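Student:
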Amino acid sequence: MILDKTLDNGLRIIAEKLDNVRTVSVSFTVNAGTVDEQSDEAGISHYIEHMVFKGTKNRTAAEIAMDMDAVGASLNAGTSRENTRFYAKVLDKHLPTAIDVISDMLLNPKFDSKDMELEKGVVCDEILMSQDDPDDLVSQRIQELYYGDDPLSRSVLGSEETVRSFTEQNLRDYMERLYVPNNMVVTCAGNFDQQRLVDEISEIFISQNNRELKKREYGKPKCVRESAVIDRNDLEQTHIELAYPSFGLGDEKRYALMAINSLLGGGMSSRLFQNIREKRGLVYSVGSMPVAFVNSGYLALFASTAAKQAETVLNLMLEEMENLKKNGITKKELDFTREQLKGNFSIWNEGTSAHASMLAKYASAGLPIVTEEQMINNLDYLTLDDVMQIIPHVCDETKLCSVFAGRECGGLSELMKK
Numbered sequence: 076m077i078l079d080k081t082l083d084n085g086l087r088i089i090a091e092k093l094d095n096v097r098t099v100s101v102s103f104t105v106n107a108g109t110v111d112e113q114s115d116e117a118g119i120s121h122y123i124e125h126m127v128f129k130g131t132k133n134r135t136a137a138e139i140a141m142d143m144d145a146v147g148a149s150l151n152a153g154t155s156r157e158n159t160r161f162y163a164k165v166l167d168k169h170l171p172t173a174i175d176v177i178s179d180m181l182l183n184p185k186f187d188s189k190d191m192e193l194e195k196g197v198v199c200d201e202i203l204m205s206q207d208d209p210d211d212l213v214s215q216r217i218q219e220l221y222y223g224d225d226p227l228s229r230s231v232l233g234s235e236e237t238v239r240s241f242t243e244q245n246l247r248d249y250m251e252r253l254y255v256p257n258n259m260v261v262t263c264a265g266n267f268d269q270q271r272l273v274d275e276i277s278e279i280f281i282s283q284n285n286r287e288l289k290k291r292e293y294g295k296p297k298c299v300r301e302s303a304v305i306d307r308n309d310l311e312q313t314h315i316e317l318a319y320p321s322f323g324l325g326d327e328k329r330y331a332l333m334a335i336n337s338l339l340g341g342g343m344s345s346r347l348f349q350n351i352r353e354k355r356g357l358v359y360s361v362g363s364m365p366v367a368f369v370n371s372g373y374l375a376l377f378a379s380t381a382a383k384q385a386e387t388v389l390n391l392m393l394e395e396m397e398n399l400k401k402n403g404i405t406k407k408e409l410d411f412t413r414e415q416l417k418g419n420f421s422i423w424n425e426g427t428s429a430h431a432s433m434l435a436k437y438a439s440a441g442l443p444i445v446t447e448e449q450m451i452n453n454l455d456y457l458t459l460d461d462v463m464q465i466i467p468h469v470c471d472e473t474k475l476c477s478v479f480a481g482r483e484c485g486g487l488s489e490l491m492k493k
């Protein structure tokens with residue numbers, strides 16, 4: 076049973092009661108991400124995510140940790156291009172503690188000047204770590220190629236320059252603008268009293284006022300074929316990522332895309348894995364993954380291999396997409412991947428954390444909630460024609476973006492320009 080309640084100040088609370096579990100997962104999601112930042116605010120959403128853990132007017136950083144550890148709870152947060160999420164998992168009887176701690180972090184952050192300087196060092200080190208990671212590099216560059224000047228092309232981490240420049244007032248102004256009830260959603264899943272949850276959150280947030288929000292404008296792909304190279308002589312492998320057009324989180328065609336992704340590169344039985352790794356032994360890592368934002372997305376294909384084999388691997392990846400475009404998939408393959416997807420989703424969704432995360436994903440995007448039953452039904456109703464209809468869109472090589480990182484990758488980029 077799911078309770079969906081919006082308070083007078085716009086704060087939305089979605090509570091799913093799950094019997095036969097001892098835990099509860101709660102998530103506070105704020106629509107404050109990279110797409111909401113001005114150029115001089117690059118990385119501020121992520122930096123705030125760090126800073127609220129450093130202490131509040133009521134708790135030190137150590138007390139935040141102690142209060143959660145004392146009840147055996149886990150507490151974490153994450154920033155994406157579209158939102159920032161703070162979440163915890165606790166035993167059912169300790170849910171009030173988790174709500175109190177996270178609410179305190181969001182409503183009463185201290186932003187001590189000494190802590191701010193220390194955390195700037197931590198975040199800048201995270202930026203350097205990301206720059207050392209070839210997978211992070213190609214993923215960020217593919218976003219830039221695919222989205223061009225769109226806000227979705229920006230890095231979640233920002234730059235060392237912008238992070239070092241942040242002041243307490245910058246953080247408070249940003250939170251005043253976006254950390255407001257009508258820009259937040261609280262999701263909770265597990266064994267708890269739903270009405271009690273609503274009452275507790277209402278009492279905490281009753282004095283918080285909503286405000287008029289600026290309309291978010293983002294999510295328009297550049298829609299041109301482009302290629303880029305990241306020269307890294309320190310890498311032993313060449314890292315490849317391709318981005319093909321796909322669909323947003325709310326598009327019904329995403330279920331057909333799930334089937335294509337699963338068959339193409341979603342597991343050990345997939346075409347890419349079998350053809351490139353198992354049959355030829357050219358890679359350790361190869362696969363595909365749909366990347367979906369609220370109103371747009373892309374299908375990412377990725378592989379890493381020895382430099383001397385990179386062109387062969389790239390051509391094999393392109394051949395798989397060409398084969399998909401020409402021949403599509405069979406009814407037998409669809410039936411296979413349908414059961415695979417249903418099993419994968421049900422296994423992933425077994426815990427309370429997954430339920431709370433799923434609720435948050437759709438609610439924060441302003442989309443209808445998709446339950447496990449609805450997900451399974453949508454996959455059951457998926458037809459071969461549904462899949463075949465989207466293949467020309469997904470396999471449109473005129474909009475294909477590609478990025479290569481490693482030694483002397485220029486030849487690969489030139490190959491993609493032919």
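First residue of the sequence shown? That's 76 in the working numbering, and the numbers climb one at a time after it.
Idealized CB from N, CA, C, for every residue including glycine.
Computed from a prediction, not measured in an experiment: that's the story for all the values here.
By DSSP's criteria, A140 is part of a beta bridge. Which residues make up the other side?
Tutor: Here residue 140 refers to the residue found at position 65 of the sequence shown. Answer is none; A140 lacks a bridge partner.
Student: Helix, strand or coil for A385, going by three-state DSSP, please let me know.
Tutor: Here residue 385 corresponds to residue number 310 of the sequence shown, with the count starting at 1. A385 falls in the helix class under three-state DSSP.
Student: What would DSSP say about E301, mapped onto helix, strand or coil?
Tutor: Your numbering for residue 301 matches position 226 in the sequence shown. In the structure shown, E301 sits in a strand (DSSP, three-state: E or B).
Student: Taking just the CA atoms, how far does A148 sit from S102?
Tutor: Counting from 1 along the sequence shown, the entry for residue 102 is found at position 27. Counting from 1 along the sequence shown, the entry for residue 148 is found at position 73. Using only the alpha carbons, I get a separation of about 13 Å.
Student: Is the region 118-129 in contact with the region 299-313, if contact means three or more CB pairs nearer than 8 Å?
Tutor: No, the region 118-129 does not touch the region 299-313.
Student: For the candidate residues D190, G130, S488 and V462, whose alpha-carbon lies nearest to that of S337?
Tutor: Counting from 1 along the sequence shown, the entry for residue 337 is found at position 262. Of D190, G130, S488 and V462, the residue nearest in Cα terms is V462.
Student: Report yes if the C-beta distance between L475 and L317 is below 8 Å; otherwise report no.
Tutor: Your numbering for residue 475 matches position 400 in the sequence shown. Your numbering for residue 317 matches position 242 in the sequence shown. In contact: L475 and L317 (Cβ atoms closer than 8 Å).
Student: Assuming N84 and N285 make a contact with CB atoms under 8 Å, what is their CB distance in whole Å?
Tutor: The count along the sequence shown starts at 1 and reaches residue 84 at position 9. The count along the sequence shown starts at 1 and reaches residue 285 at position 210. Confirmed, Cβ separation roughly 5 Å.
Student: Spatial neighbours of E408 within its chain, please: CB distance less than 8 Å, with the 5 preceding and 5 following residues excluded, ordered by chain position.
Tutor: By one-based count along the sequence shown, residue 408 stands at place 333. So the qualifying residues of the chain are L338.
Student: Are R160 and T104 touching if we call contact CB-CB under 8 Å?
Tutor: In the sequence shown, counting from the first residue as 1, residue 160 sits at position 85. In the sequence shown, counting from the first residue as 1, residue 104 sits at position 29. Yes, Cβ-Cβ distance for R160 and T104 is below 8 Å.
Student: When burial is assigned at 16 or more other CB atoms within 10 Å of the CB, is V165 buried or exposed?
Tutor: Counted from its first residue, the sequence shown places residue 165 at position 90. Classification of V165: buried, given that the 10 Å Cβ count is 16 or more.
Student: Look up A163 in the DSSP assignment and say whether it is helix, strand or coil.
Tutor: Here residue 163 corresponds to residue number 88 of the sequence shown, with the count starting at 1. Three-state result, A163: strand.
Student: In chain order, which alpha helix (DSSP H) runs of at least 4 residues are fully inside the region 356-421?
Tutor: As far as the region 356-421 is concerned, its whole alpha helix (DSSP H) runs of at least 4 residues are 385-402.
Student: Nearest-angstrom Cα distance between D268 and P171?
Tutor: Position 193 of the sequence shown holds residue 268. Position 96 of the sequence shown holds residue 171. C-alpha separation (whole angstroms): 11 Å.
Student: Report the option in N424, G294 and I335 whose CA atom is closest to the CA atom of G372.
Tutor: Mapped onto the sequence shown, residue 372 falls at position 297. The residue with the shortest Cα to Cα distance from G372 is G294.
Student: Measure the C-alpha to C-alpha separation of P365 and G325 and round it to an integer number of angstroms.
Tutor: Here residue 365 refers to the residue found at position 290 when the sequence shown is read from its first residue. Here residue 325 refers to the residue found at position 250 when the sequence shown is read from its first residue. Roughly 13 Å separates the two Cα atoms.
Student: Grouping DSSP H, G and I as helix and E and B as strand, with all else coil, what is Y254?
Tutor: The residue you call residue 254 lines up with position 179 of the sequence shown. Reduced to three states, the DSSP call for Y254 is coil.
Student: Report the rounded CA-to-CA distance for E292 versus A145, giving the unit in angstroms.
Tutor: Here residue 292 is taken as the residue at index 217 of the sequence shown, counted from 1. Here residue 145 is taken as the residue at index 70 of the sequence shown, counted from 1. Those two C-alpha atoms are separated by around 43 Å.
Student: For C484, does the three-state DSSP call read helix, strand or coil?
Tutor: For the purposes of this step, residue 484 is identified with residue 409 of the sequence shown, where counting begins at 1. C484: coil per DSSP, three-state reduction.
Student: Looking at S363: is its Cβ nearer than 8 Å to the Cβ of A375?
Tutor: In the sequence shown, counting from the first residue as 1, residue 363 sits at position 288. In the sequence shown, counting from the first residue as 1, residue 375 sits at position 300. Yes, the Cβ-Cβ distance between S363 and A375 is below 8 Å.
Student: Determine contact between the region 181-197 and the region 445-453, defined as no fewer than three beta-carbon pairs at a distance below 8 Å.
Tutor: They do not touch, by the three-pair rule.
Student: For N258, count neighbouring Cβ atoms within 10 angstroms of its own Cβ and tell me buried if that reaches 16, exposed if not.
Tutor: Counted from its first residue, the sequence shown places residue 258 at position 183. Classification of N258: buried, given that the 10 Å Cβ count is 16 or more.
Student: Would you grab the beta carbon distance between T109 and R229 for me? Rounded to a whole angstrom, and I think it's under 8 Å.
Tutor: Sequence index remark: in the sequence shown, residue 109 carries index 34 (1-based). Sequence index remark: in the sequence shown, residue 229 carries index 154 (1-based). Indeed, because the Cβ distance is near 5 Å, the residues count as touching under 8 Å.
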